[in-house]
Amino acid sequence: MEYQANKAILVGICTDDRYALQIEKSLCELERLLETAGGQSFAKMIQNKDKPDPRTLSGSGKVSELKELCENNGIELVVFDEELTPSRIRNLEEDLGKEVRVLDRSMLILDIFALHAATKEGKLQVELAQLKYTAPRLTGHGTELSRLGGGIGTRGPGESKLETDRRHMRRRITALETELEELEGNRRTMRAARDRSGLSKIAIVGYTNAGKSTLLNALTNAGILAEDKLFATLDPTTRKYELPNGESVLLTDTVGFIRKLPHHLIHAFKSTLDEAVYADALIIVIDASDPEHPEQIKVTEELLRELGASGKPTLYVFNKCDLGAEEFSRASVDVSEENVQTVAVSAKTGKGLDQLLTALQALLMSGKRRVVFHIPNNRAGVLNTLYQNAAVEDVEYGAEEILATAIVDRKTHGMLRQYDPRWQDPEEE
1 MEYQANKAIL
11 VGICTDDRYA
21 LQIEKSLCEL
31 ERLLETAGGQ
41 SFAKMIQNKD
51 KPDPRTLSGS
61 GKVSELKELC
71 ENNGIELVVF
81 DEELTPSRIR
91 NLEEDLGKEV
101 RVLDRSMLIL
111 DIFALHAATK
121 EGKLQVELAQ
131 LKYTAPRLTG
141 HGTELSRLGG
151 GIGTRGPGES
161 KLETDRRHMR
171 RRITALETEL
181 EELEGNRRTM
191 RAARDRSGLS
201 KIAIVGYTNA
211 GKSTLLNALT
221 NAGILAEDKL
231 FATLDPTTRK
241 YELPNGESVL
251 LTDTVGFIRK
261 LPHHLIHAFK
271 STLDEAVYAD
281 ALIIVIDASD
291 PEHPEQIKVT
301 EELLRELGAS
311 GKPTLYVFNK
321 CDLGAEEFSR
331 ASVDVSEENV
341 QTVAVSAKTG
351 KGLDQLLTAL
361 QALLMSGKRR
371 VVFHIPNNRA
381 GVLNTLYQNA
391 AVEDVEYGAE
401 EILATAIVDR
411 KTHGMLRQYD
421 PRWQDPEEE
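FYI, the numbering used here numbers position 123 of the sequence shown as 123, with every residue one higher than the one before it.
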């Protein structure tokens, strides 16, 4: 029978009936990942098993059923929604037959990343993650690895790199890490330059395909590729934008989040994800038309906490209100905190963008004040501190002192309040 290169069977494991619905939803998301990688789902299977099988995860009975389904329908790809060990992949491929490739969710995501990486740094990050994770899981093919040619799960480093022995792989990993460290040094230099500019840095984050790139394009004409696909954007893009009140800010689009995002991917893309860590405020974009958006908010917030990027002033943007999501639930968002706001928009049509900008201005100004600092000429170095920690609007050099007008937060004002003649005013303090 002729095998169908782009069709796959998706497999999920349910060890507790209480989570059966979540498993079904996760499989539906896995199907979208497969479609993004260029594949098509032939069937979805869920194995109800109290305890995962140590050899194949799903058990011999389900593997036999899976083998028969593959043979009768010419299916050559099986994707598990769980992370598989190298030994389990090897056992599954031995049991399913030589024509069938086995991938797990992480390997599929890596394949999509390889497909969408555009910059040098992005490509290096993908290759490093694949070498560390995917290559050991392909050793079961042995000399037959060449047959993987160009299918799903084979993009990225390429056949020749995956066939090298462990010694050569370690050398390549070391070289990639060194090169990425140099690029990270360049990124740190760019961040330092942004810090010196005094502009507020705002990271646009959220679940994959929520509309982050579309939003940045709508605001800044950034020209980023915005597709209705998961992980359409992989490399961060930063644009300067002037708010209606005249304040300039830096907006950065970031890679999307997803449930079960592999930890090794978080580590490999740390320099990219750090855009959220070093941001002054966050815009969390939510696809309000997706019935799963409350769960997606939780996934986003958990990943931000894991990155150390939580607790910042945050604007929750419920996007795609043009798709019948005019009414949205705020139940998953705690709006009681002073530095949290919500707004509904359609980044595609432009509806609600004015309200978004008003809310963003209010968020950035919360806890801030405009202060005229009187800095003696012999303490001119203080001006550098001000540039690093505040938005400096105007500087006048006098015979005895420098008058610097800046928008500062409470922390920066506390550091420099000796240069503010009004700091003892009760209304100011």
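Using N, Cα and C, we set each Cβ at its ideal position, and we do this for glycine too. These numbers come from a predicted model, not from an experiment.
Item: Kindly identify the DSSP beta-bridge partner or partners of residue 42.; Value: None; residue 42 has no bridge partner.
Item: Please report the straight-line C-alpha distance between residue 136 and residue 358, rounded to a whole angstrom.; Value: 51 Å
Item: Where are the beta strand (DSSP E) runs, 3 residues long or more, that stay fully inside the stretch 340 to 418, in chain order?; Value: 340 to 344, 368 to 376, 391 to 397 and 401 to 409
Item: Indicate whether residue 248 and residue 216 have their beta-carbon atoms separated by less than 8 Å.; Value: no
Item: Check residue 13 in the structure and name its three-state DSSP category.; Value: strand
Item: What whole-angstrom Cβ distance do residue 44 and residue 31 have, given they're in contact under 8 Å?; Value: 7 Å
Item: When you compare the CB positions of residue 124 and residue 203, do they come within less than 8 Å of one another, or not?; Value: no
Item: Going by DSSP, what residues sit across from residue 299 in a beta bridge?; Value: Its beta-bridge partners do not exist; DSSP assigns none.
Item: Let's see if you can read the secondary structure: which residues bound the alpha helix (DSSP H) around residue 63?; Value: 60 to 73
Item: Please list the segments of the alpha helix (DSSP H) lying wholly inside the stretch 67 to 128, counting only runs of 4 or more residues, in order along the chain.; Value: 86 to 96 and 105 to 116
Item: Measuring straight from C-alpha to C-alpha, what distance separates residue 305 and residue 68?; Value: 44 Å
Item: Tell me the DSSP bridge mates of residue 211?; Value: Answer is none; residue 211 lacks a bridge partner.
Item: Our contact map puts residue 36 next to residue 88 with C-beta atoms below 8 Å; I'd like the distance itself, whole angstroms only.; Value: About 25 Å separates the two Cβ atoms, so there is no contact after all.
Item: Do residue 265 and residue 112 have their beta-carbon atoms positioned less than 8 Å apart in this structure?; Value: no
Item: Relative to the alpha-carbon of residue 397, which residue among 413, 270 and 374 has its alpha-carbon at the smallest distance?; Value: 374
Item: Tell me the DSSP secondary structure of residue 200 in three-state form.; Value: strand
Item: With distances taken Cα to Cα, identify the nearest neighbour of residue 382 among 361, 355 and 416.; Value: 416
Item: Restricting to Cα atoms, I'd like to know which of 26, 6 and 343 is closest to residue 105.; Value: 26
Item: Residue 369 to residue 393, Cα distance in whole Å?; Value: 12 Å
Item: Report the CB separation of residue 231 from residue 205 in whole angstroms; it is logged as a contact under 8 Å.; Value: The pair is not a contact, with the Cβ atoms about 14 Å apart (cut-off 8 Å).
Item: In whole angstroms, what is the alpha-carbon distance linking residue 161 and residue 372?; Value: Here residue 161 scores only 46 on pLDDT, less than 50, and its place in the model is too uncertain to base an answer on.
Item: Please say whether residue 6 and residue 40 have beta carbons closer to each other than 8 Å?; Value: yes
Item: May I ask which residues mark the beginning and end of the alpha helix (DSSP H) holding residue 25?; Value: 20 to 36
Item: Tell me which residues share the same chain as residue 386 and place their Cβ nearer than 7 Å to its Cβ, disregarding the 5 neighbours each side in the sequence.; Value: 373, 392, 404, 406 and 416
Item: Return helix, strand or coil for residue 50, following the three-state DSSP convention.; Value: coil
Item: DSSP state of residue 254, grouped into three classes?; Value: coil
Item: In or out: residue 244 buried (at least 16 other Cβ within 10 Å) or exposed?; Value: exposed
Item: Taking residue 10 and residue 81 to be in contact with their CB atoms under 8 Å, please state how far apart those CB atoms are, rounded to whole angstroms.; Value: 7 Å
Item: Going along the chain, which residues of its own chain have a beta-carbon closer than 8 Å to the beta-carbon of residue 352, five neighbours each way excluded?; Value: 321, 343, 344, 345 and 346
Item: Residue 201 and residue 131: beta carbons closer than 8 Å?; Value: no
Item: Going by alpha carbons, who is nearest to residue 380 out of 208, 401 and 14?; Value: 401
Item: Select from 133, 189 and 185 the residue whose C-alpha is nearest the C-alpha of residue 169.; Value: 133
Item: Have a look at residue 99 and residue 52 and give me their C-alpha separation to the nearest angstrom.; Value: 25 Å
Item: For the candidate residues 289, 182 and 29, whose alpha-carbon lies nearest to that of residue 211?; Value: 289
Item: So, at 8 Å on beta carbons, what are the nonlocal neighbours of residue 303 in its own chain, with the 5 sequence-adjacent residues on each side left out?; Value: 257, 261 and 266
Item: Could you work out which residue in 252, 297 and 180 is closest to residue 121 when comparing CA atoms only?; Value: 180
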